[in-house]
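Heads up, the thing below is written out as structure tokens.
Protein chains in written order, with this note's numbering: chain A, 1 to 476; chain B, 1 to 102.
See the structure below:
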């Protein structure tokens with residue numbers, strides 16, 4: 001029952017955040033809520049680790065139950081949500097926050113609550129409600145920066161997310177008409193490869209792909225991330241985009257096995273490959289910091305997609321490896337991308353410009369920020385020791401086991417390209433220039449929140465077992 | 001032709017009309033209305049597909065869809081008014097070129 005607290009606590013926090021910010025108890029209250037969320041998430045994560053997956057039945061009346069599933073994947077993502085959420089809220093300044101409007105706090109807490117609902121959901125209705133509310137909250141948050149470009153990007157994102165949800169709804173309707181149930185575990189038992197299932201499944205995947213900015217449906221993402229308020233870009237790129245891919249994965253594990261001989265796995269692998277190449281090349285070509293980070297998200301989502309066909313391998317062990325790799329990549333990318341976006345914000349504050357060419361000389365003045373950039377960058381490139389490396393290693397092991405050599409080529413090419421765009425930033429930052437010597441310093445608390453996130457990518461690369469042991473048996 | 005077929009055709013037709021508007025209209029208000037028509041068509045189709053004696057689930061699905069459409073329309077109207085006040089336009093500019101350096 002404690003699991004429902006993962007949703008209830010952030011909801012309560014969202015309501016409490018509506019209180020006026022000037023109140024002296026506001027900052028202590030936020031601190032208390034964040035500590036409570038961290039303790040609760042960690043306790044539940046350990047409980048699932050010790051006792052295995054938990055199924056929570058909430059009676060709805062009339063003999064029906066609402067099922068939530070706290071499995072290893074859900075708890076790992078809840079942990080990511082908790083860490084990124086905490087870092088972002090602390091980063092936004094609990095006491096003073098110049099430039100962050102009051103409306104950010106209730107919306108951010110609401111976002112965390114809905115994210116946890118998505119991780120725990122086991123039926124199409126809960127997941128539909130989850131991704132819908134997530135989309136609307138995310139659109140509202142994107143307008144907080146008040147820039148006209150942000151408004152245009154938010155409207156474009158609103159249309160994309162609406163179109164996606166419509167496709168999902170019709171797909172869910174088709175599946176219900178065929179099988180008379182909306183529950184994923186029940187569908188897994190009865191689903192077979194017929195036209196109605198195929199159409200419904202394809203519609204749902206396409207709708208979610210649009211929301212997740214999967215190549216070639218990524219058009220809305222770069223402008224939206226580049227023009228939003230910094231903490232909003234952090235939450236969106238680290239968590240909201242993941243939520244749609246996570247729901248895709250839940251559907252894939254349920255509905256894809258009957259279609260493993262069709263072209264579907266190949267389509268997913270191709271889209272993943274194109275996303276990695278296209279996203280990385282465009283990230284490399286950007287001259288503005290936030291746009292580079294945004295295009296990197298398009299590329300990194302490709303890795304997630306690349307793991308989908310591997311989830312259908314014949315050997316249960318290979319399926320297991322792909323599943324662990326996929327979840328670990330979500331965790332690794334979430335932490336690294338959140339840190340990277342925060343660093344981008346700090347560098348923009350420091351230089352007063354969004355231009356990469358203006359970074360000259362920052363390394364001497366902002367060592368901690370550059371260390372954070374380095375640590376997060378190593379994880380994004382997939383170099384050891386980092387969580388990103390562990391994730392890619394797991395996926396590569398699964399791919400090699402199935403004899404998918406092409407996969408390795410894509411992985412190496414993607415790694416080199418990410419190294420190129422990360423090193424481009426570092427090169428500019430370490431270049432010594434005579435032009436300027438004065439930089440604005442971001443608050444220490446902000447630097448520390450970003451640093452701790454990047455430190456986590458390192459620690460989760462050095463010690464993978466605590467998380468991976470929760471993910472055994474998930475895809476079998 | 002059964003009653004279900006009639007509903008399916010009606011729902012499908014509405015979706016087609018709405019999607020056409022969604023893809024070709026430039027004015028944001030028209031696009032928002034087109035989305036609403038598409039949504040109504042989608043909900044009709046879901047209702048027709050699920051029949052009327054299959055429990056609570058499809059009703060909840062459709063109810064959620066209606067609430068989402070309502071919320072999205074309200075949010076969309078708010079955003080488009082703000083956009084019109086700030087930029088003076090009622091349509092979106094062409095999406096930014098990824099290679100362009102503004």
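We put the beta carbon where it would ideally sit given N, CA and C, even for glycine.
Everything numeric in this text was worked out from a predicted model, so none of it was measured.
Note to self: For residue 306 (chain A), tell me which candidate among A:391, A:341, A:355 and A:379 has the shortest Cα-Cα distance.
What the structure shows: If you number the first chain from 1, residue 306 (chain A) lands on position 306. Residue 306 (chain A) has its Cα closest to that of A:391, out of A:391, A:341, A:355 and A:379.
Next item on the list: Give the interface partners of residue 31 (chain B) over in chain A, defined as CB-CB distance under 8 Å, in chain order.
Entry: Translated into the one-based positions of the second chain, residue 31 (chain B) becomes position 31. The contacting residues are 159.
Item checked: Short CB-CB distance (under 8 Å) between residue 54 (chain B) and chain A -> Your numbering for residue 54 (chain B) matches position 54 in the second chain. Yes, residue 54 (chain B) counts as interfacial toward chain A.
Next item on the list: Would you check if the distance between the CB atom of residue 299 (chain A) and the CB atom of residue 387 (chain A) is smaller than 8 Å?
Entry: Numbered from 1 along the first chain, position 299 holds the residue referred to as residue 299 (chain A). Numbered from 1 along the first chain, position 387 holds the residue referred to as residue 387 (chain A). No, the pair does not count as a contact, with Cβ atoms beyond the cut-off.
Notebook entry, point to check: Taking just the CA atoms, how far does residue 35 (chain A) sit from residue 128 (chain A)?
Noted result: Working through the first chain from its first residue, we reach residue 128 (chain A) at position 128. Working through the first chain from its first residue, we reach residue 35 (chain A) at position 35. Rounded to the nearest angstrom, the two C-alpha atoms are 30 Å apart.
Notebook entry, point to check: Just to confirm, does residue 221 (chain A) get its C-beta within under 7 Å of one of the non-hydrogen atoms of the ligand NAP?
Noted result: Of ligands this structure carries none, so the ligand NAP is not represented either.
Notebook entry, point to check: By Cβ distance below 7 Å, which residues in the same chain neighbour residue 295 (chain A) in space, the five residues on each side in sequence not counted?
Noted result: Along the first chain, one-based indexing puts residue 295 (chain A) at 295. Around residue 295 (chain A): 222, 279, 282, 283 and 286.
Note to self: Quick check: is the beta carbon of residue 68 (chain B) nearer than 8 Å to any beta carbon in chain A?
What the structure shows: Mapped onto the second chain, residue 68 (chain B) falls at position 68. By this cut-off, residue 68 (chain B) is an interface position.
Item checked: CA nearest to the CA of residue 8 (chain B), picked from B:41, B:25 and B:87 -> Translated into the one-based positions of the second chain, residue 8 (chain B) becomes position 8. When each option's Cα is compared against that of residue 8 (chain B), the closest is B:41.
Check: Given 8 Å as the limit, is there contact between the region 140–152 of chain A and the region 228–240 of chain A, that is, 3 or more CB pairs closer than that?
Finding: yes
Notebook entry, point to check: residue 68 (chain A): which of A:4, A:456 and A:200 sits nearest, CA to CA?
Noted result: Here the question's residue 68 (chain A) lines up with position 68 in the first chain. Cα-wise, what sits closest to residue 68 (chain A) is A:4.
Note to self: Please report whether the beta-carbon of residue 343 (chain A) lies at a distance below 8 Å from any beta-carbon of chain B.
What the structure shows: Counted from its first residue, the first chain places residue 343 (chain A) at position 343. Residue 343 (chain A) does not count as touching chain B.
Margin query: Does the CB of residue 50 (chain B) have a neighbour CB from chain A at under 8 Å?
Written below: The count along the second chain starts at 1 and reaches residue 50 (chain B) at position 50. It does: the Cβ of residue 50 (chain B) has a partner Cβ on chain A nearer than 8 Å.
Next item on the list: Taking only beta-carbon positions, decide if residue 72 (chain B) is within less than 8 Å of chain A.
Entry: As a first step, residue 72 (chain B) must be located in the second chain, where it is residue number 72. It does; some Cβ of chain A falls within 8 Å.
Notebook entry, point to check: Which word fits residue 405 (chain A), buried or exposed, when buried means at least 16 other C-beta atoms lie within 10 angstroms of its C-beta?
Noted result: Here the question's residue 405 (chain A) lines up with position 405 in the first chain. Result: exposed.
Checklist line | Cβ separation of residue 76 (chain A) and residue 470 (chain A), assumed to be a contact under 8 Å, to the nearest whole Å | finding: Stepping through the first chain from its first residue, residue 76 (chain A) is reached at position 76. Stepping through the first chain from its first residue, residue 470 (chain A) is reached at position 470. That belief holds up - the Cβ atoms of residue 76 (chain A) and residue 470 (chain A) are roughly 6 Å apart, short of 8 Å.
Check: Mind checking whether residue 165 (chain A) and residue 130 (chain A) have CB atoms under 8 Å apart?
Finding: Within the first chain, the letter at position 165 stands for residue 165 (chain A). Within the first chain, the letter at position 130 stands for residue 130 (chain A). Cβ atoms of residue 165 (chain A) and residue 130 (chain A): not closer than 8 Å.
Next item on the list: Enumerate in chain order the residues of its own chain whose CB-to-CB distance from residue 73 (chain B) is below 7 Å, with the five nearest sequence positions on each side excluded.
Entry: Here the question's residue 73 (chain B) lines up with position 73 in the second chain. Same-chain partners within the cutoff: 32 and 36.
Next item on the list: Can you have a look at residue 85 (chain B) and say buried or exposed, based on whether 16 or more other CB atoms are within 10 angstroms of its CB?
Entry: Mapped onto the second chain, residue 85 (chain B) falls at position 85. Result: exposed.
Notebook entry, point to check: Which bits of chain B does residue 165 (chain A) rub up against, with CB to CB less than 7 Å?
Noted result: Taking the first chain and counting its residues from 1, one reaches residue 165 (chain A) at position 165. By Cβ distance, chain B contributes 68.
Checklist line | Residues within the region 106–131 of chain A neighbouring chain B, beta-carbon criterion of under 9 Å | finding: 123, 124, 125, 128 and 129
Margin query: Assuming residue 66 (chain A) is part of the beta strand (DSSP E), what are its boundary residues?
Written below: Along the first chain, one-based indexing puts residue 66 (chain A) at 66. Per DSSP, residue 66 (chain A) belongs to the beta strand (DSSP E) from 64–70.
Item checked: Under the three-state DSSP convention, the category residue 280 (chain A) falls into -> The residue you call residue 280 (chain A) lines up with position 280 of the first chain. If DSSP states are grouped into helix, strand and coil, residue 280 (chain A) belongs with the helices.
Item checked: Chain-order list of residues whose beta-carbon lies under 8 Å from that of residue 464 (chain A) (same chain, five-residue window excluded) -> As a first step, residue 464 (chain A) must be located in the first chain, where it is residue number 464. Only 328, 387 and 390 meet the Cβ criterion.
Check: For residue 83 (chain A) versus residue 459 (chain A), is the C-beta spacing smaller than 8 Å?
Finding: Position 83 of the first chain, counted from the first residue, corresponds to residue 83 (chain A). Position 459 of the first chain, counted from the first residue, corresponds to residue 459 (chain A). No, the pair does not count as a contact, with Cβ atoms beyond the cut-off.
Checklist line | Whole-angstrom C-beta distance between residue 321 (chain A) and residue 394 (chain A), which should lie under 8 Å | finding: What you label residue 394 (chain A) is simply residue 394 of the first chain in a count that begins at 1. What you label residue 321 (chain A) is simply residue 321 of the first chain in a count that begins at 1. Between residue 321 (chain A) and residue 394 (chain A) the Cβ distance is about 5 Å, and since that is below 8 Å, they are a contact.
Next item on the list: Could you tell me which residues DSSP puts in a beta bridge with residue 231 (chain A)?
Entry: Along the first chain, read from residue 1 onward, the residue named residue 231 (chain A) stands at position 231. DSSP output for residue 231 (chain A) lists no bridge partner at all.
Next item on the list: Could you tell me if residue 22 (chain A) is buried or exposed, where buried requires 16 or more neighbouring beta carbons within 10 angstroms of its beta carbon?
Entry: Along the first chain, one-based indexing puts residue 22 (chain A) at 22. So residue 22 (chain A) counts as exposed.
Next item on the list: Compare the C-beta of residue 348 (chain A) against all C-beta atoms of chain B and say whether one is closer than 8 Å.
Entry: Along the first chain, one-based indexing puts residue 348 (chain A) at 348. By this cut-off, residue 348 (chain A) is not an interface position.
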